[in-house]
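Asks:
Residue numbers (the working numbering), protein chains in the order written: chain A, 71 to 416; chain B, 71 to 416; chain C, 71 to 416; chain D, 71 to 416.
#1: State the CB to CB distance for the pair residue 301 of chain D and residue 389 of chain D, rounded to an integer number of angstroms; the pair is presumed to be in contact (CB under 8 Å).
#2: Applying a beta-carbon distance threshold of less than 8 Å, which residues of chain A neighbour residue 264 of chain C?
#3: In terms of alpha-carbon separation, which member of C/90, C/137 and C/199 lies closest to residue 113 of chain C?
#4: Closest to residue 119 of chain D by C-alpha separation, out of D/127, D/108 and D/387, would be which residue?
#5: Tell me, please, whether the CB atom of residue 87 of chain C is closer than 8 Å to any CB atom in chain B?
#6: Helix, strand or coil for residue 262 of chain D, going by three-state DSSP, please let me know.
#7: For residue 354 of chain C, which residues in chain D fall below 9 Å Cβ to Cβ?
#8: Could you pull out every residue in the same chain whose Cβ sits closer than 7 Å to the Cβ of residue 250 of chain A, ignoring the five residues on either side in sequence?
#9: How big is the Cα-Cα spacing for residue 219 of chain A and residue 163 of chain A?
#10: Counting Cβ pairs, one atom from each stretch, are 3 or more of them under 8 Å apart for the region 319 to 333 of chain B and the region 400 to 409 of chain B?
#11: Compare the C-beta of residue 321 of chain B against all C-beta atoms of chain A and say whether one is closer than 8 Å.
#12: Mind checking whether residue 305 of chain B and residue 246 of chain B have CB atoms under 8 Å apart?
#13: Are residue 361 of chain C and residue 410 of chain C closer than 8 Å when you measure CB to CB?
#14: Could you give the distance in angstroms between the alpha-carbon of residue 278 of chain B and the alpha-carbon of residue 288 of chain B?
#15: Checking contacts by CB at 8 Å: is residue 259 of chain D closer than that to chain B?
#16: What's the C-alpha gap between residue 78 of chain B and residue 283 of chain B?
#17: Pick out the complete beta strand (DSSP E) segments inside the region 183 to 222 of chain C, 3 residues or longer, and give them in chain order.
#18: Would you list, in chain order, the members of the region 227 to 257 of chain A that have their beta-carbon closer than 9 Å to a beta-carbon of chain C?
#19: Could you tell me the boundaries of the beta strand (DSSP E) in which residue 380 of chain C lies?
#20: Show which residues of chain A have a CB atom less than 7 Å away from the CB atom of residue 123 of chain C.
#21: Provide the residue(s) that pair with residue 79 of chain C in DSSP beta bridges, ordered along the chain.
#22: Check the Cβ-Cβ distances between residue 362 of chain B and every residue of chain C, and say whether any is below 8 Å.
#23: Which residues of chain B have a Cβ atom closer than 7 Å to the Cβ of residue 366 of chain C, listed in chain order?
#24: By the DSSP assignment, the alpha helix (DSSP H) with residue 364 of chain D in it spans what residues?
#25: Please report the Cβ distance between residue 281 of chain D and residue 232 of chain D, rounded to the nearest whole angstrom; I am assuming they are in contact, meaning their Cβ atoms lie under 8 Å.
#26: Please list the partners that residue 387 of chain C has in chain D, where partner means a Cβ-to-Cβ separation under 8 Å.
#27: Residue 383 of chain C touches chain D at which residues, Cβ-Cβ below 7 Å?
#28: Per the contact definition of three or more C-beta pairs closer than 8 Å, is the region 186 to 199 of chain C in contact with the region 120 to 133 of chain C?
#29: Residues in its own chain within less than 6 Å of residue 195 of chain A by CB, not counting five upstream and five downstream?
#30: Could you tell me which residues DSSP pairs with residue 294 of chain D in its beta bridges?
#31: Ignore the nearest five residues each way along the sequence and tell me which others in residue 267 of chain D's own chain have a CB closer than 7 Å to its CB.
#32: Within 10 Å of its beta-carbon, does residue 248 of chain A have 16 or more other beta-carbons around it, so buried, or fewer, so exposed?
#33: With C-beta atoms as the reference, is residue 446 of chain A less than 8 Å away from residue 94 of chain A?
#34: Specify the secondary structure class of residue 60 of chain D as computed by DSSP and reduced to three states.
#35: Suppose the cutoff is 8 Å on Cβ atoms and the five residues either side in sequence are ignored; what does the same chain contact list for residue 201 of chain D look like?
#36: Distance cutoff 8 Å, beta carbons only. Does residue 201 of chain C sit that close to anything in chain D?
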């Protein structure tokens, strides 16, 4: 049995931090050895510091770890970060500079030209940006890799399947996002019970820009962004986990409905520990995908797509869904780390 | 004080039927004198027959009315109908033929060429179709007038404001619809708690066709439908009342954001009992409109619009909201009846 | 038309403060002339300072009032207070000392021996404590009057009806409390969606002690508490407004079910502006009372009772319900002010 | 590897039937070989007949089984039944008479004197009633064993722990029950959103009688019921899974709080496949147990208890919780079958 990588989690007590702990509980390659959180938590054991909010309870292996301040050094080989963007920029760079691979779920660096914005199945070649990054920022051993905004992840995979085969020209997406995306305490119950909120601070610009980078082409150590427009309207709805996207798309090349379905179904998965068997599942039932029934598909790592039809104005329309704190956050980061490990980058 | 019109309600025990009773409780022009419902209810008093589901309780004036079978004659001057579409077609025609003005919320006749599909503020001139209708169907005193699908009402008013001023070329709408739209028992709680359902049977085709008729031009006793395309995706969300629409629109003429806001705000209201002071309210707060906070604007008869911005792909985007069982159903029908009364049509 | 009392609201931007504004919008006796809130809000107009969360929107008459710091003097004849208990004690006493009648919804003074804990219909004679209070605290014109905890109000009225007629010996109450009781932001949506929380900080002791004072006897300027025991378990449930209480009660004297129903129904209401016609409504339908259907009974000022049966262990059991931010908070305070005004105390 | 028992499920398409399929998917002792449901479903494959409502999707091994009518013979060694009580009595007896062990979750036979009402950890000796039953009803190979009402299961285990050690004299229980307990379509969303319903048809009498039988003593082939009174008020709350019970209890012998906690914690679990490691978990956090966080404890087979305190009127009070469709229904039945298998009864 191989030696496991020792992992630190930055922002361990938050919603995504807890999901990291849960996903890494019995992971064959990673073992949590350090937990870092805000000053208020530092010095306490994790079980004292963290108000655990996930069903199933806190994993035994992290309960007694003493929470540390969020600064290097930490006793680990790499760090997963789910820091709020207000502190992520400075802190993550400090960890990278101190030699740690930083696998980040934060938004701070996502759109920086030298930072990979990875969905492991879609643009693994963007890892090459790490070299550019090291040169530019003077990192030696460390680096920063990010995963996309959780709402982007809910539709980027089917979009990638279409872009790869037929070219995407424009995308209109309306998202129905889960409350867990706002962390804890997050959305007040008085705001979302018997209600919908048509606004998530800062979300629409992220959704309108990240996909073009993810689907961009790596040339000479830089990403040339994909040339399509995105229009995004983002809503908070009363769902615990699972972001739903209502999507219309225009393609550059003609494609039949069968072609489109096939492009999605045949999009290859990876052979990594957290990879789902089927990356994109296309459901035929007229009322699917639904967050409560489908968010856990592929252990929360599959994207489910349904209601795929020709559209009156665009070429096609569909509904896609992903688990926002698994595939849309902690799970994507873990998969990115597995990808990097498979390429001996950590 | 003028004599009141005597009103019958077809489908009185249902969700919309109850809303009719509530809206007509103290109405200055209408007085409920007959309630008709399915055979199971007929013969009982309304208080025995109806499981009242609206806050505030059953109005006193209807409690002791004995429910009758849904067939003419009824002791009234006109009927409001909220029959399920399976029975509406035959029954409503029978009432019209028997001489009753039928103000219907059902979908059965909406798209028939000789039936007005009315939003009182938008296309009151379509009432002229009643003449066509009488000739074609051999009605003498009676007639049928309908109001649109509740989801259509959530965005048709701002669309009408834009169409009148700048011409609409295409519309993409994604609806987030309330559970009350499905009636009672309607949506099982196991289906909508912690969930979103991306499917409402028969809804998307209605949303994609009704607006063009409403905004159509009356020429020689017939409607020429407005020439724009609609793409609709319809979702059920966990909201009790209030349909939200996420809208993108392309216009035929150039319009500044200020023009667009002004077109909506200045769309005239009517001077009828149920008319709101402001037909279309444009809200500036970034997180509005919200169903729980805004559905009751103008006593549930105003449309609230927010998040009105230029769009990356279309000319503009916005979010609009209406109360689906008031403005989107019973309230619209009552307003239509008030309009007809003001024109001495009943 | 009589001159209106000029009213200040302490804690105006909170959930209960907003309810005060709503209830006083068209009040015949009171007119809001001052709004006070935390330093963060002071100096702004109310419309700028307050994130309004009640359906129907902010009343026009308060929008442009400039929010002031929470300290005397304020430009008004009396103050309503919904301050958090952390600051209420000191601040309310300061207002009373400065000559203002303080009608408080806060918990700070409720159990002080010289402070009336009023439900206007139940113990109006306790107003006499104001004299005791003035002597003890050296108030001249000012005084403090409180209303009970919102959970207590959900069952104290039927309890009072029974106590007055038959004597209460012991009460077991389990409360199912609405999220609005925790204010805003209050209960995180992640805590209450698909969930019940069996704990509300500090609540059970309040529920176990306040009723005995309310039902106590005034003798020689002091309250002799009623001699019964209360056992309370308090739950937060996923309801916006409306606290439900599951109650068992042992009586000192024998009473038939008919006696018990009659005692509740015949408990007299008052003849004040905010008094409901029927203080305690006894519902016969097996599935009532329900928060969504019954909280607005009597404009939110009635208590609804149902499922009243003999019990296997206690004499009787029943379910009672009140609107927690109306009858359980702002509405009770307004009614107390009306009572005091009717007795020329303000 | 031992040969597995071949299992049939009566009422397979319902909420509990689906849970049976899920729990038996990879069971080491049982294998589903027959699915029976109403005439509407019979003849279709399970995947066609059943609207699957549990997260995670329908197990592969049942998808292609052709649903049969609910009558013997079925191709299996024993049957699990979750039939509605209207048909359970006749049907289950027919299966038992035809030689099948019937492990039933239905209420029909629970209180019959010769039918074991089993919680495997509590009264396994009641299995001896099967002999009485065979004699009385003329069964040869077959028999009927039942598990309790789901609400009873939420508090009977801690009650059993106390009864065994100290004797229980009386119990007051108020239940907060999940919507899944009503099956599908079950509770309309309009009834439970922003609401609590204080009534579940037929529930309170079950809760007030079943515990005494479960905790009764087997003497001469008959159960002498435990001699305590139960008072039950049952509420439906907006929770998907997990029944919460608010309990007060009087004991016959004196017990310290420590004694009480110890009695619960030390109540032995069994060594069967579905047994949780800890039958009764006593939680110390003040806000636990909560359905969303604790219903899955012990894979949904543990009972969690919290807020255990001395009470003002009774000796002790506490809150207990169980997963109503696992421990409260299908899981209990499976555990009963494992118990019977371990005793070579099937």
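Yeah, the Cβ is synthetic: ideal placement off N, Cα and C, and Gly gets one too.
Replies: The relevant details are as follows:
#1: So it is not a contact: roughly 17 Å between Cβ atoms.
#2: 310
#3: C/137
#4: D/108
#5: no
#6: helix
#7: The contacting residues do not exist; residue 354 of chain C stays about 12 Å from chain D at best.
#8: 85, 310, 311, 394 and 395
#9: 19 Å
#10: no
#11: no
#12: yes
#13: no
#14: 20 Å
#15: yes
#16: 28 Å
#17: 213 to 216
#18: 249, 250, 252, 253, 254, 255, 256 and 257
#19: 373 to 380
#20: 260
#21: C/105 and C/150
#22: yes
#23: 125 and 126
#24: 361 to 364
#25: Incorrect: roughly 11 Å between the Cβ atoms, too far for contact.
#26: 301 and 303
#27: 240, 242, 299 and 301
#28: no
#29: 288
#30: D/287
#31: 261, 305 and 306
#32: buried
#33: Examination of residue 446 of chain A is not possible in this model, given that chain A is present from 71 through 416 alone.
#34: A question about residue 60 of chain D goes unanswered here, because the residues of chain D that appear run from 71 up to 416.
#35: 291
#36: no
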